[in-house]
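Since the structure comes first, as structure tokens, the remarks are kept for the end.
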Amino acid sequence: MQDKLFTDLFDLVQALAGVDSFTPAESSKVIALANRRLYEAYNQSQSWTRYLVVGEERTLASQSIPFAEAGLDTISDFLRIHRTQPFLNLSAVEYEFYVDAAGANILNPTDSSPTTAFATYKKVWDGPYDVSRTDVPMEFFYFGAHATFADFLRMDGQLDKAMAEETVAQGYLASELQKAESQRNNNITVRRISTHLSRQSR
25 MQDKLFTDLF DLVQALAGVD SFTPAESSKV IALANRRLYE AYNQSQSWTR
75 YLVVGEERTL ASQSIPFAEA GLDTISDFLR IHRTQPFLNL SAVEYEFYVD
125 AAGANILNPT DSSPTTAFAT YKKVWDGPYD VSRTDVPMEF FYFGAHATFA
175 DFLRMDGQLD KAMAEETVAQ GYLASELQKA ESQRNNNITV RRISTHLSRQ
225 SR
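Remember, the numbering used here sits 24 above the position in the sequence shown when you count from 1.
Next comes the structure, spelled out in structure tokens:
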């Protein structure tokens, strides 16, 4: 997956604004606005490829999977939890669960004292970003730049121009969301197969 420099995003916002440089006060505001918009893009889908982890074995403590475990990515959103490795050749029993401040608590485990479960989840956002960062996701880059510029225009009172720029930004984001959806991650790994008789998770 391709990344871009945050400085490239910052430079693009400056170019859209038609200035060679922002004042220090403007720069700090643009960085804050950019982070808000990049986080917005992250939240638009549960199945962004770079943030999706499928069927990872996690330790259970009192039928609970914590958000953080040493040596593994921190969990932002629990999507599905299975008894065994899912999405292989055979169906895997899927657990119902609820999430609280400690993590995901599985209900009615099939084993009397299970010690592990397999979680499909979304990793935490890797921001906030600043001019020293080199890893702005390419799929968020153009949305982030145009949306940040739209916010900058709003801040400057240019509401009509801001609305036009917001439309451009949303077009970029919609295009990237379409790519994420067409990879079938959303249908295969995030959603369940349910009928009135049974629920299967493959």
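Beta carbons are placed, not taken as given, at the ideal position from N, Cα and C, and that holds for glycine.
From a predicted model like this one, the values you see are computed outputs, not experimental measurements.
Review point. Taking the C-alpha atoms as reference points, what is the distance between Leu96 and Leu114?
Key: For this step, residue 96 is matched to residue 72 along the sequence shown. For this step, residue 114 is matched to residue 90 along the sequence shown. Answer to the nearest angstrom: the Cα atoms are 26 Å apart.
**Study point:** Rounded distance between the beta-carbons of Glu80 and Ala143, thought under 8 Å
**Key:** If you number the sequence shown from 1, residue 143 lands on position 119. If you number the sequence shown from 1, residue 80 lands on position 56. The Cβ separation is near 6 Å, so the contact holds.
Check your understanding: Can the beta-carbon of Ala141 be found closer than 7 Å to that of Arg82?
Key -> Taking the sequence shown and counting its residues from 1, one reaches residue 141 at position 117. Taking the sequence shown and counting its residues from 1, one reaches residue 82 at position 58. Yes, the pair counts as a contact, with Cβ atoms nearer than the cut-off.
Review point. Quick one: what does DSSP say Gly79 is sitting in, helix, strand or coil?
Key: As a working note, residue 79 is residue 55 in the sequence shown. In the structure shown, Gly79 sits in a strand (DSSP, three-state: E or B).
Review point. Looking only at DSSP bridge pairs, what is Lys28 linked to?
Key: Here residue 28 corresponds to residue number 4 of the sequence shown, with the count starting at 1. BP columns for Lys28 point to Val160.
Exercise for review: Report yes if the C-beta distance between Ala186 and Leu177 is below 7 Å; otherwise report no.
Suggested key: In the sequence shown, the residue the question calls residue 186 occupies position 162. In the sequence shown, the residue the question calls residue 177 occupies position 153. Cβ atoms of Ala186 and Leu177: closer than 7 Å.
Exercise for review: For Ser69, collect the residues of the same chain with a Cβ closer than 8 Å to its Cβ; drop the 5 residues on either side in sequence, then sort them by chain order.
Suggested key: Position 45 of the sequence shown, counted from the first residue, corresponds to residue 69. Contacts found: Leu201, Ala204, Glu205 and Asn210.
Practice item. Would you identify the three-state DSSP class for Phe121, choosing helix, strand or coil? Key: Along the sequence shown, read from residue 1 onward, the residue named residue 121 stands at position 97. Reduced to three states, the DSSP call for Phe121 is strand.
Practice item. Starting from Asp97, follow the beta strand (DSSP E) in both directions and report where the run begins and ends. Key: In the sequence shown, counting from the first residue as 1, residue 97 sits at position 73. Asp97 -> no beta strand (DSSP E), and no H or E assigned at all.
Practice item. Using three-state DSSP, classify Phe142 as helix, strand or coil. Key: Residue numbering aside, residue 142 sits at position 118 when the sequence shown is read from its first letter. If DSSP states are grouped into helix, strand and coil, Phe142 belongs with the strands.
Check your understanding: Going by other Cβ atoms of all chains shown within 10 Å of its Cβ, with 16 needed for buried, is Ala174 buried or exposed?
Key -> Looking up residue 174 in the sequence shown gives position 150. Answer is buried; the Cβ neighbour count reaches 16.
Review point. Do the stretch 56-68 and the stretch 86-93 make contact, defined as three or more Cβ pairs closer than 8 Å?
Key: no
Practice item. Have a look at Gln182 and Val77 and give me their C-alpha separation to the nearest angstrom. Key: For this step, residue 182 is matched to residue 158 along the sequence shown. For this step, residue 77 is matched to residue 53 along the sequence shown. About 41 Å.
Review point. For Tyr63, which residues of its own chain have a beta-carbon under 7 Å away from its beta-carbon, when the five flanking residues on both sides are left out?
Key: What you label residue 63 is simply residue 39 of the sequence shown in a count that begins at 1. Excluding residues within five positions, the ones whose Cβ falls inside 7 Å are Trp149 and Gly151.
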